[in-house]
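Enquirer: Before we start, here is the structure in question, set down as structure tokens.
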Amino acid sequence: MTRTNSPAPAEALTREYAAALREYVSGGGEAALTHAYELGRKASTMGIGILELAIAHHNALLSLPAKGAGDRPPVAMAAQFLAESLSPFEMTLRSYQANARLLGLSETLAQQNAEIDRSREQLRTILDATTAVIYLKDAEGRYLFVNRQFEKVFGLSRERVIGKLDEEVLPPAAATTLRGDDLQVVEARAPRELEETIPASDGAHTYISLKFPLLDASDVAYGVCCVATDITERKRAEEALQRAREATERERQLNEAVQARDQFLAIASHELKTPLTALELQISSLRRLTKSNPDATVSDERVQSRFEKIAGQVGRLSALIENIIDIGRITSGRLKLAPTRIDLGELARGVLGRAQDAIRRSGSEVALTVTAPVIGTWDRDRLEAVVTHLVSNAVKFGSGKPVEIAIDAADDRAALRVRDHGIGISVDDQKRIFERFERAVSERHYGGFGIGLWVARQIVEAHGGTIRVSSSHGGGSEFRVELPLHEPEADRDAEASDTDDPPLEEHHART
């Protein structure tokens, strides 16, 4: 398209273009092509467009000779000349296009930066709104970011914290805690969840802190992030709940203790009343006998019979009272041992000798088997109480059937087995008969405090031994006691320092 506002320059350029084209076709060579490029630059500078230059080229073609220099046709050479003259326009166009692309990229970058700024502000708003303490640090421990809750908890502004180390802005205790935990996360390159205690104006606060490393593309930690939630109130509530549970448990135990006490007192009153009543009857009978027979002497058979019965009831009372004393000693932790070297077989024979009256009344035959002397370090009186109770139970519940007692030793341990063939113990009852005030039968029919096996277990365990039962309902029972042959070191040390609890003088049958 021809520009009408500057005809003179365009006409001059057209003439110059035609002359240069004729020169090139006539053999002008590279210099003529260079002239074509310069004409193109001049046209571009003058504001002459590509269409105008094409018209000038068309007009110049009309004046070309039919044959040019060399073998190339003039038209082909003219086409090359035109292309060279248009190359400045191509370069200008590409420059415009590149500038346009740069402008577009610049606008896109500006938009992206604006989006980043908005996202950053949104993230800061979110992080500032949370009640969690959040901070970022570099690998050296310098703060890169802290949220508003951090400022609130530590009473520090962002401006004072950013770029600083913990020890430069925090109290020593808090700085040591945070820095140590953060370093572990950076060095391990793995997240950690831990409980941290941070001092505050209203006292120490407990936080659950989730800390994780910031890793670059090479998996190298360049920083650490922490999100810490204050769980102080929850901890206090948990502690209060635990205290309430403990108080409830103490109250439950107290109620159970009161019930056990009441039950024990009821049983004890009954058990103590029985021998006392028998004593009263024997004493009354003795009085009547002496009144009706003034000449009767202590050697009189009938008087001796009364005395034996009185002695038996006194022995029963002594055993009951000793049981009561044992309960107090055990529950208060004052059951002490006085260990000496003892032959377990000899001890069992002594118990059986003292229990002959009860054995005869039961109708059972008791057989003791000792394969070899079994000698150990035990408290004689306490161990007699265990054997006495097991034998007493066997003849009491043995239904008049044989009772077998066996004593042996193996692997530095002594074993005592007491076997009856009586009423037996159900599986459910076996689980509780070694507890205090528990029994497998009714106290109405068999009597007793329900503490004998409990006391036996305490004595056996105090020696470092075990006691267990094997039984079936209606199939008899076997109690097995195992004791170490030597005295435990802890017991010797405790015994050496104890002088306030003398050993029992004698133990009778425990029920």
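Numbering (my numbering), first residue to last: 9 to 519. In this text, a Cβ means the ideal position worked out from N, Cα and C, and glycines have one as well.
(1) With 16 as the cutoff for other CB atoms within 10 Å, does R390 come out buried or exposed?
(2) Can you say whether T396 is buried or exposed, counting buried as having 16 or more other CB atoms within 10 angstroms of its CB?
(3) What's the call for A44, buried or exposed, on a 16-neighbour Cβ count within 10 Å?
(4) Quick one: what does DSSP say S217 is sitting in, helix, strand or coil?
(5) Counting C-beta neighbours from all protein chains within 10 Å, is the total for E530 16 or more, i.e. buried, or is it exposed?
(6) Per DSSP, what kind of secondary structure is P410 in: helix, strand or coil?
(7) Determine the DSSP secondary structure at P492, reduced to helix, strand or coil.
(8) Return yes when the Cβ of R476 is within less than 7 angstroms of the Cβ of R488, no when it is not.
(9) Enumerated in chain order, which unbroken segments of the alpha helix (DSSP H) with a length of 4 residues or greater are wholly contained in the stretch 31-67?
(10) Between which two residues does the beta strand (DSSP E) harbouring A229 extend?
(11) Going by C-alpha to C-alpha distance, which of N121, G211, Q119, A62 sits closest to S95?
(12) Count the C-beta pairs between the stretch 170-185 and the stretch 139-158 that are closer than 8 angstroms, then say yes if the count reaches three, no if not.
(13) Out of P179, A147, Q130, which one is the CA nearest neighbour of N155?
(14) For S434, which of helix, strand or coil comes out of DSSP?
(15) Return the chain-ordered ranges of every beta strand (DSSP E) run that is complete within the stretch 118-149 and spans a minimum of 3 residues.
(16) Taking A375 as the reference, which of A402, G384, D351, E392 has the closest Cα?
(17) Is the beta carbon of I239 sitting closer than 7 angstroms to the one on T256?
(18) Within the chosen definition, does the stretch 215-223 reach the stretch 186-201 through at least 3 CB pairs nearer than 8 angstroms?
(19) Name the two residues that bound the continuous beta strand (DSSP E) containing E201.
(20) Does the separation of the CB atoms of S71 and A27 fall below 7 angstroms?
(21) Using 8 angstroms as the Cβ pair cut-off and three pairs as the minimum, do the stretch 371-386 and the stretch 408-419 touch?
(22) I'd like the span of the alpha helix (DSSP H) that includes I467, first residue to last.
(23) Return the CA-CA distance between L355 and E259, expressed in angstroms with no decimal places.
(24) May I have a chain-ordered list of the alpha helix (DSSP H) segments no shorter than 4 residues that lie completely inside the stretch 340-394?
(25) For M99, count neighbouring C-beta atoms within 10 Å of its own C-beta (all shown protein chains included) and say buried if the count is 16 or more, exposed if not.
(26) Could you tell me which residues DSSP pairs with T256 in its beta bridges?
(27) Distance check for R132 and A122, CA to CA, integer angstroms please.
(28) Could you tell me the distance, in whole angstroms, from the CA atom of E176 to the CA atom of R102?
(29) Start and end of the beta strand (DSSP E) containing R421?
(30) Nearest CA to the CA of K344: which residue from L47, V468, I433?
(31) Mind checking H66: buried by the 16 CB within 10 Å criterion, or exposed?
(32) Along the chain, where does the alpha helix (DSSP H) that runs through F153 open and close?
(33) Tell me, which residues are paired with E486 by DSSP?
(34) For the putative contact between E46 and A40, defined by C-beta atoms under 8 angstroms, what is the C-beta separation to the nearest angstrom?
(35) Can you look up D174 in the DSSP assignment and give me helix, strand or coil?
(36) Out of S407, G188, L191, D210, which has the shortest C-alpha to C-alpha gap to G163?
Expert: This is what the structure gives:
(1) Buried, since its Cβ has 16 or more Cβ neighbours within 10 Å.
(2) Buried, since its Cβ has 16 or more Cβ neighbours within 10 Å.
(3) Buried.
(4) Strand.
(5) Coverage of the chain is limited to positions 9 through 519, which leaves residue 530 absent and any answer about it impossible.
(6) Of the three classes helix, strand and coil, the one that applies to P410 here is coil, per DSSP.
(7) In the structure shown, P492 sits in a strand (DSSP, three-state: E or B).
(8) Using a Cβ distance threshold of 7 angstroms, R488 and R476 count as a contacting pair.
(9) Fully enclosed alpha helix (DSSP H) runs of 4 or longer: 37-54.
(10) If you look at A229, you'll find it in the beta strand (DSSP E) that goes 229-238.
(11) Selected option, being the one with the closest Cα: A62.
(12) Contact between the stretch 170-185 and the stretch 139-158 is present, because at least three Cβ pairs lie under 8 angstroms.
(13) Selected option, being the one with the closest Cα: Q130.
(14) Secondary structure at S434: coil, using DSSP grouped into helix, strand and coil.
(15) Here the runs fully enclosed are 141-146.
(16) Among A402, G384, D351, E392, the Cα nearest to that of A375 is on A402.
(17) Cβ distance not < 7 angstroms, so I239 and T256 don't count as in contact.
(18) As far as the Cβ criterion goes, the stretch 215-223 touches the stretch 186-201, which means the pair count is three or higher.
(19) That run of the beta strand (DSSP E) goes 200-206.
(20) In this structure, S71 keeps its C-beta atom at 7 angstroms or more from the C-beta atom of A27.
(21) As far as the Cβ criterion goes, the stretch 371-386 touches the stretch 408-419, which means the pair count is three or higher.
(22) According to the DSSP assignment, I467 belongs to the alpha helix (DSSP H) that extends over 460-470.
(23) Looking at the two C-alpha atoms, the distance is approximately 43 angstroms.
(24) Taking 4 residues as the shortest admissible run, the stretch 340-394 contains the following complete alpha helix (DSSP H) segments, listed from N- to C-terminal end: 352-362, 364-370.
(25) By the Cβ neighbour-count rule, M99 is exposed, with fewer than 16 other Cβ atoms within 10 Å of its own.
(26) According to DSSP, T256 bridges with nothing at all.
(27) The alpha-carbon atoms of A122 and R132 are separated by roughly 15 angstroms.
(28) Spanning the two alpha carbons is a distance of roughly 58 angstroms.
(29) From DSSP, the beta strand (DSSP E) with R421 extends over 421-428.
(30) Distances from the CA of K344 to each of L47, V468, I433 were compared; the closest alpha carbon is that of V468.
(31) Per the 10 Å Cβ criterion, exposed.
(32) Premise fails: F153 lies in the beta strand (DSSP E), 151-154, not in any alpha helix (DSSP H).
(33) Per DSSP, the beta bridge partners of E486 are R427, S478.
(34) With a Cβ gap of about 11 angstroms, E46 and A40 do not count as contacting.
(35) Note: D174 maps to helix in three-state DSSP.
(36) Closest option to G163, Cα to Cα, is D210.
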